[in-house]
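Enquirer: Okay, handing you the structure first.
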Amino acid sequence: MASTPTLRTARAIVALTAVVALTACTTTSDTRDGTAAVTGGTLSVVGPVEVHSLEPATSSELFTRLQVSETLVATDADGALRAGLATGWHADDDTTWRFELRPTAVFHDGEPVTADAVVAALQIAYDKEGSPLTGAPVAEIGVDGDDIVVRLDEPFASLPAVLAHTSTQVLAPSSYDEDGAVTEVIGSGPYAISAVHPPQRIEVTASEHWDGTAPAITDVTYQAVSRAESRALMAESGQSDVTLGMDPVSLQRLQDVDGVQIHSVTLPRTIQMKVNGEHPALGDPLVRQALSAALDRQGMATALLRDPEMAATQLFPPSLADWHQDDLTALEHDADEARRLLAEAGWEEGPDGILVRDGERFEITLRTFPDRPELPILATAIQAAFADVGIDLSVSISNSSEIPAGHQDGTLDVGLYARNYALVPDPAVTLLGDFAPEGSDWGAMGWNDEDLTAALEAMAEGLDDAQAADARAQVAQIMQDELPVIPVAWYRQSAVVNERVAGMTLDPLERSWWLSELTWSS
Amino acid sequence: MLRLLRRRALQAVGVTLVVSTACFVMIRTLPGDLAFRIAAGRYGYDQVDAASAEGVRAELGLDRPAWQQLLEWWAGLARLDLGTSLVTRASIADELGHALGASLHLAAVALAMGCLVGVTLGAAAAHRPGGALDKLTTLAVVGSRALPPFILGLLLILVFAVHLGVLPAAGHGQASNVALPAAALAIGLAGLFARITRDTVVQVRATEYVQFARTKGLNGRLVLTRHVLRNSGVTVVSYVGVQALILIEGVIVIESLFGWPGLGHALVHAVFWRDVPMIQATAVALALLVVVINTAVDVSTAAMDPRPRVKEVTP
Numbered sequence: 001m002a003s004t005p006t007l008r009t010a011r012a013i014v015a016l017t018a019v020v021a022l023t024a025c026t027t028t029s030d031t032r033d034g035t036a037a038v039t040g041g042t043l044s045v046v047g048p049v050e051v052h053s054l055e056p057a058t059s060s061e062l063f064t065r066l067q068v069s070e071t072l073v074a075t076d077a078d079g080a081l082r083a084g085l086a087t088g089w090h091a092d093d094d095t096t097w098r099f100e101l102r103p104t105a106v107f108h109d110g111e112p113v114t115a116d117a118v119v120a121a122l123q124i125a126y127d128k129e130g131s132p133l134t135g136a137p138v139a140e141i142g143v144d145g146d147d148i149v150v151r152l153d154e155p156f157a158s159l160p161a162v163l164a165h166t167s168t169q170v171l172a173p174s175s176y177d178e179d180g181a182v183t184e185v186i187g188s189g190p191y192a193i194s195a196v197h198p199p200q201r202i203e204v205t206a207s208e209h210w211d212g213t214a215p216a217i218t219d220v221t222y223q224a225v226s227r228a229e230s231r232a233l234m235a236e237s238g239q240s241d242v243t244l245g246m247d248p249v250s251l252q253r254l255q256d257v258d259g260v261q262i263h264s265v266t267l268p269r270t271i272q273m274k275v276n277g278e279h280p281a282l283g284d285p286l287v288r289q290a291l292s293a294a295l296d297r298q299g300m301a302t303a304l305l306r307d308p309e310m311a312a313t314q315l316f317p318p319s320l321a322d323w324h325q326d327d328l329t330a331l332e333h334d335a336d337e338a339r340r341l342l343a344e345a346g347w348e349e350g351p352d353g354i355l356v357r358d359g360e361r362f363e364i365t366l367r368t369f370p371d372r373p374e375l376p377i378l379a380t381a382i383q384a385a386f387a388d389v390g391i392d393l394s395v396s397i398s399n400s401s402e403i404p405a406g407h408q409d410g411t412l413d414v415g416l417y418a419r420n421y422a423l424v425p426d427p428a429v430t431l432l433g434d435f436a437p438e439g440s441d442w443g444a445m446g447w448n449d450e451d452l453t454a455a456l457e458a459m460a461e462g463l464d465d466a467q468a469a470d471a472r473a474q475v476a477q478i479m480q481d482e483l484p485v486i487p488v489a490w491y492r493q494s495a496v497v498n499e500r501v502a503g504m505t506l507d508p509l510e511r512s513w514w515l516s517e518l519t520w521s522s
Numbered sequence: 001m002l003r004l005l006r007r008r009a010l011q012a013v014g015v016t017l018v019v020s021t022a023c024f025v026m027i028r029t030l031p032g033d034l035a036f037r038i039a040a041g042r043y044g045y046d047q048v049d050a051a052s053a054e055g056v057r058a059e060l061g062l063d064r065p066a067w068q069q070l071l072e073w074w075a076g077l078a079r080l081d082l083g084t085s086l087v088t089r090a091s092i093a094d095e096l097g098h099a100l101g102a103s104l105h106l107a108a109v110a111l112a113m114g115c116l117v118g119v120t121l122g123a124a125a126a127h128r129p130g131g132a133l134d135k136l137t138t139l140a141v142v143g144s145r146a147l148p149p150f151i152l153g154l155l156l157i158l159v160f161a162v163h164l165g166v167l168p169a170a171g172h173g174q175a176s177n178v179a180l181p182a183a184a185l186a187i188g189l190a191g192l193f194a195r196i197t198r199d200t201v202v203q204v205r206a207t208e209y210v211q212f213a214r215t216k217g218l219n220g221r222l223v224l225t226r227h228v229l230r231n232s233g234v235t236v237v238s239y240v241g242v243q244a245l246i247l248i249e250g251v252i253v254i255e256s257l258f259g260w261p262g263l264g265h266a267l268v269h270a271v272f273w274r275d276v277p278m279i280q281a282t283a284v285a286l287a288l289l290v291v292v293i294n295t296a297v298d299v300s301t302a303a304m305d306p307r308p309r310v311k312e313v314t315p
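Taken in order, these protein sequences are the chains called R and F.
Residue numbering for the first sequence follows full-length UniProt numbering, beginning at 1 and increasing consecutively.
Residue numbering for the second sequence follows full-length UniProt numbering, beginning at 1 and increasing consecutively.
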């Protein structure tokens, strides 16, 4: 009798050991199966963006990038507009646009894509926050026969570009609940959703209802992994076929690795400093020019971004071919010129080396955020460059919303961020908002220029090609002279692609990964 | 035993109220506008602006007095309703369940691996204190403890994923994904368990009751299983309990390196986005886990400890 509890304990120990051993064995055997699945017929895409929502405006473009859903208007590899769900579009008159629907388009639930379904989806997008459509002068979105007709309050030439924005993706009526919230993503693209596992995984498979060329790769898994180093190791080990969002250091290392190729495209995105024009020191254009001259952009691009070509010489990167002006005088590093400009603006060196004017030290704070990993390191380089010319810059690394919040309450001095000028494929739409006379959260602050406003408004109403080119040149020149935002660097997006996969093209507008055009290498 | 469980249940209720209220107050006192932070979480850095923040403020009623919002949370809690995330608008119970499941899965496999390797090594080392195996074990333990889990994780990925190609480097969703993060945690744990087991076994072997067991003619195996392991188990199980807590709450670095969507991941996101109910729910889940694990440790040590005649714990 006395031995019963001891026996029980002994048995428990044996059982525990068996369970542990079993766990270890299961792990090992599953491992082999798991790895086989990854390297089998499913394309593994790995990126930094997590899956937090099914809503078009808050799903981080994942469902258009995976080609599950379509927008009326799409874009090509040059960033130009091309047919999406709409095969063509034109303006009936100044304030009426007509979009002709692709008649063979079918949603993944088997229902045809009708003009009514498109209008319903657009109306939901229009009624929600976070879509550029909400900011467009739309009076009514309606149906005329098989066409979608958009009536405007005023002429707006960029409407097709706005309808290429991912927040205007068209989902099947069965995707929404009675309140217009998306419960399931049912699109009309080449791939249909098989499973969504927030926050990390989306599985898609080729849709039987797709009316175009069937994708060569039928099964795709998207996986979000937040650390760039981990993604690089996944690419290097062959676990992922397409790896996105690479950091400069990992990218440099992967260039020497066998079995992977690096694809790059310059994005219409500029890393820039937003400057408070109402700040007693920063309101002076001479000071803004001095700040710009103090920056060693070439050094920062070479040492920190590992990509010397990304040193910004003007606001618009070469990837925005229509907007980039080859004949503009480039922004250059000249610390002596910066000191001279600051002296001209009345700033003199104080006892501790920091500039002083009327007893006030030149102390400012730069706000930035870590979502794009290069921003904090660029901020410290800017801090050193400013210290070199006598400006005491504090760096505050926090949340991205601190910049718009600081704009609203007027406490922002300088904000460092990457601005996507092709959020809507026509940069004029973003510029019109960012450099509106009253300023904007991600654009000008306490600064406006009548000529710039007039040029942008004229473009919005519609200009012929020659006039539009002149207006763009004028906008670029004003930005270069006045520096309401100070350009720091341009942006290159890179993807590491395993050699098992062929046909990768990167979208400069980051709207799609064009996975349906990929094939397995022989 | 029942008295202990009753007392622990009451503790759990108290902990839940205190922790969730403290979280609420702390988040409210952090700098930054809640509405802007939540909008940044929802719309991303390209789209967050004053208009989206105002939309969030109106939708969530963030202008209401803080006490009303706290009362609402308490009322929800009383109905066992954790509400929905302010950022993703998904059910917090679902999101928490997913994150907690992932963390527990990782911690359980790591603990199991750590125990198996550590206890075996420790027991073997204790067989001849000061012998070659004991010295080797000490060396391995010091080595594994000196390596931070982050570096260890990277080394494991380089060896098993990049060079040997037998395990996936990172990610979640397949059974094999747990192997490397669990191993990264288990190696450090195994070292600790080996030390504790070795010292405790040596100590127990030197006691009079073990010597008596030998004297009365029990063979080595019986002495080990009936007397040494059982008595050592009391110490080791308590220690495993403490380590389990540290493990579940301290795997943030490993979760981040291996892209593992656990509690650490959820909590970091929620704090960054000021997703107040999600922070409260996550913190409460962690606090309750402490209560549950402590209770489990007390109950199991009471069951294992041969000394008390009545299987009762003084709470």
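Using N, Cα and C, we set each Cβ at its ideal position, and we do this for glycine too.
(1) Have a look at W323(R), A121(R), D211(R) and flag the residue whose alpha-carbon is nearest the alpha-carbon of D177(R).
(2) In angstroms, rounded to a whole number, what distance separates the CA positions of D147(R) and G84(R)?
(3) Would you give the residue range spanned by the beta strand (DSSP E) that R492(R) belongs to?
(4) Roughly how many angstroms lie between the CA atoms of V119(F) and R198(F), to the nearest whole one?
(5) Under the rule that 16 or more other beta-carbon atoms within 10 Å means buried, what is D46(F), buried or exposed?
(6) Does DSSP put T27(R) in a helix, a strand or coil?
(7) Can you tell me the Cα-Cα spacing of A381(R) and M300(R), whole angstroms?
(8) Using a beta-carbon distance cut-off of less than 9 Å, what residues from the segment 215-226 of chain R approach chain F?
(9) Taking only three categories from DSSP, how would you classify T35(R)?
(10) For the putative contact between V162(F) and E236(R), defined by C-beta atoms under 8 Å, what is the C-beta separation to the nearest angstrom?
(11) Should S521(R) go down as buried or exposed, given a rule of 16 or more other Cβ atoms within 10 Å for buried?
(12) Pull out every residue of the segment 183-216 of chain R whose Cβ sits closer than 8 Å to any Cβ of chain F, in chain order.
(13) Tell me, please, whether the CB atom of A405(R) is closer than 8 Å to any CB atom in chain F?
(14) Quick one: using the 10 Å Cβ neighbour count with 16 as the cut-off for buried, is W74(F) buried or exposed?
(15) Following the continuous alpha helix (DSSP H) through T205(R), name the residue where it begins and the one where it ends.
(16) Have a look at T27(R) and V109(F) and give me their C-alpha separation to the nearest angstrom.
(17) Could you tell me the distance, in whole angstroms, from the CA atom of S516(R) to the CA atom of I217(R)?
(18) From S158(R), V45(R), D116(R), G462(R), pick the residue whose C-alpha is nearest to that of L101(R); which is it?
(19) Where does residue 524(R) fall in DSSP's three states?
(20) Assign residue 325(F) to one of two classes, buried (16 or more other C-beta atoms within 10 Å of its C-beta) or exposed (fewer than that).
(21) Do you know whose CA, among T64(R), A157(R), P190(R), lies nearest residue 603(R)'s CA?
(22) Going straight from the alpha carbon of T16(F) to that of A287(F), what length do you get?
(23) The alpha helix (DSSP H) that contains W273(F), what's its start and end?
(24) On the DSSP letters alone, give me the boundaries of the alpha helix (DSSP H) that R28(F) sits inside.
(25) Residues of chain R with CB under 8 Å from F272(F), in chain order?
(26) Starting from L62(R) and walking both ways along the beta strand (DSSP E), at which residues does that stretch end?
(27) Report yes or no: do three or more beta-carbon pairs, one from the segment 14-33 of chain F and one from the segment 370-380 of chain R, lie closer than 8 Å?
(28) Which residues bound the alpha helix (DSSP H) around V297(F)?
(29) Where DSSP assigns a beta bridge to T368(R), which residues make up the other side?
(30) Within 8 Å, do at least three Cβ pairs link the segment 254-264 of chain R to the segment 491-508 of chain R?
(31) So that I know if they touch, is there some Cβ in chain F lying closer than 8 Å to that of L58(R)?
(32) Can you name the start and end residues of the beta strand (DSSP E) that G415(R) belongs to?
(33) Would the segment 96-111 of chain F and the segment 256-271 of chain F be scored as touching if the rule is three or more Cβ pairs under 8 Å?
(34) Applying the 10 Å Cβ sphere with the 16-neighbour rule, what's the burial state of R226(F)?
(35) Could you tell me which chain A residues have their CB closer than 8 Å to the CB of L257(F), listed as they occur along the chain?
(36) For M26(F), count neighbouring Cβ atoms within 10 angstroms of its own Cβ and tell me buried if that reaches 16, exposed if not.
Expert: So, from the listed chains and residues:
(1) Numbered from 1 along the first sequence, position 177 holds the residue referred to as residue 177(R). Checking every option, the nearest Cα to that of D177(R) belongs to A121(R).
(2) For the purposes of this step, residue 147(R) is taken as the residue at position 147 of the first sequence. For the purposes of this step, residue 84(R) is taken as the residue at position 84 of the first sequence. Their Cα atoms are separated by approximately 14 Å.
(3) Residue 492(R) sits at position 492 when you count from the first residue of the first sequence. It spans 485-498 - the beta strand (DSSP E) in which R492(R) sits, taken as one unbroken run.
(4) To locate residue 119(F), count along the second sequence from 1; it is residue 119. To locate residue 198(F), count along the second sequence from 1; it is residue 198. Rounded to the nearest whole angstrom, the C-alpha separation of V119(F) and R198(F) is 8 Å.
(5) Position 46 of the second sequence, counting from 1, holds the residue named residue 46(F). Buried, because 16 or more other Cβ atoms sit within 10 Å of the Cβ of D46(F).
(6) In the first sequence, counting from the first residue as 1, residue 27(R) sits at position 27. Caution is warranted here: a pLDDT of 39 is assigned to T27(R), below 50, making its placement in the model unreliable, and the coordinate value is therefore given only provisionally. Of the three classes helix, strand and coil, the one that applies to T27(R) here is helix, per DSSP.
(7) Sequence index remark: in the first sequence, residue 381(R) carries index 381 (1-based). Sequence index remark: in the first sequence, residue 300(R) carries index 300 (1-based). Rounded to whole angstroms, the gap between the alpha carbons of A381(R) and M300(R) is 7 Å.
(8) Near chain F, meaning a CB-to-CB distance below 9 Å, the residues of the segment 215-226 of chain R are T221, Q223, A224, V225, S226.
(9) Sequence index remark: in the first sequence, residue 35(R) carries index 35 (1-based). Bear in mind that a pLDDT of 37 at T35(R), under 50, signals an unreliable position, so the number given afterwards is only what the model happens to contain. Looking at T35(R) - three-state DSSP - the assignment turns out to be helix.
(10) By 1-based counting over the second sequence, the position of residue 162(F) is 162. By 1-based counting over the first sequence, the position of residue 236(R) is 236. About 5 Å separates the two Cβ atoms, so the contact holds.
(11) Numbered from its first residue, the first sequence carries residue 521(R) at position 521. It is exposed - the Cβ of S521(R) has fewer than 16 other Cβ atoms within 10 Å.
(12) H197, P198, P199, Q200, R201
(13) The residue given as residue 405(R) occupies position 405 in the first sequence. So, interface residue.
(14) Residue numbering aside, residue 74(F) sits at position 74 when the second sequence is read from its first letter. When all chains shown are included, W74(F) counts as exposed.
(15) Start at 1 with the first residue of the first sequence, and residue 205(R) comes out as number 205. DSSP places T205(R) outside any alpha helix (DSSP H); the residue lies instead in the beta strand (DSSP E), whose first and last residues are 201-206.
(16) Taking the first residue of the first sequence as 1, we reach residue 27(R) at position 27. Taking the first residue of the second sequence as 1, we reach residue 109(F) at position 109. Here the model assigns T27(R) a pLDDT of 39, short of 50, so the residue's position is not dependable, and the following value carries that caveat. Cα to Cα, the separation comes out at about 9 Å.
(17) The residue you call residue 516(R) lines up with position 516 of the first sequence. The residue you call residue 217(R) lines up with position 217 of the first sequence. Approximately 7 Å between the Cα atoms of the pair.
(18) Taking the first sequence and counting its residues from 1, the one referred to as residue 101(R) is at position 101. With distances taken between Cα atoms, L101(R) lies closest to D116(R).
(19) One cannot answer for residue 524(R) here, as it falls past the ends of chain R, which runs 1 to 522.
(20) This structure cannot settle anything about residue 325(F), because the visible part of chain F is limited to 1 through 315.
(21) Past the boundaries of the shown model lies residue 603(R); chain R is included only from 1 to 522, so the question cannot be answered.
(22) For the purposes of this step, residue 16(F) is taken as residue 16 along the second sequence, with counting starting at 1. For the purposes of this step, residue 287(F) is taken as residue 287 along the second sequence, with counting starting at 1. Roughly 7 Å separates the two Cα atoms.
(23) As a first step, residue 273(F) is located in the second sequence; it is residue number 273 there, counting from the start. Element bounds for W273(F): 263-273.
(24) If you number the second sequence from 1, residue 28(F) lands on position 28. R28(F) -> alpha helix (DSSP H) spans 2-29.
(25) Translated into positions along the second sequence, residue 272(F) becomes position 272. Within chain R, the residues near F272(F) are N399.
(26) Indexing the first sequence from 1 puts residue 62(R) at position 62. Element bounds for L62(R): not the beta strand (DSSP E) but the alpha helix (DSSP H), 62-65.
(27) Judged by Cβ distances under 8 Å, the segment 14-33 of chain F makes no contact with the segment 370-380 of chain R, as fewer than three pairs qualify.
(28) Here residue 297(F) refers to the residue found at position 297 when the second sequence is read from its first residue. Its alpha helix (DSSP H) spans residues 276-304.
(29) Counting from 1 along the first sequence, the entry for residue 368(R) is found at position 368. Partner(s): I397(R).
(30) Short answer: they touch.
(31) Within the first sequence, numbered from 1, the residue matching residue 58(R) stands at position 58. Per the sequence presented here, residue 58(R) reads as Thr, with Leu not at that position. Yes, T58(R) lies at the interface with chain F (some Cβ there is under 8 Å from its Cβ).
(32) In the first sequence, residue 415(R) corresponds to position 415, counting from 1. Unbroken beta strand (DSSP E) run through G415(R): 414-420.
(33) Enough Cβ pairs lie closer than 8 Å, so yes.
(34) On the second sequence, position 226 is the one that residue 226(F) refers to. Under this definition R226(F) is a buried residue.
(35) Going by chain labels, chain A is absent from the structure shown, which instead holds the protein chains R and F.
(36) As a first step, residue 26(F) must be located in the second sequence, where it is residue number 26. Classification of M26(F): exposed, given that the 10 Å Cβ count is below 16.
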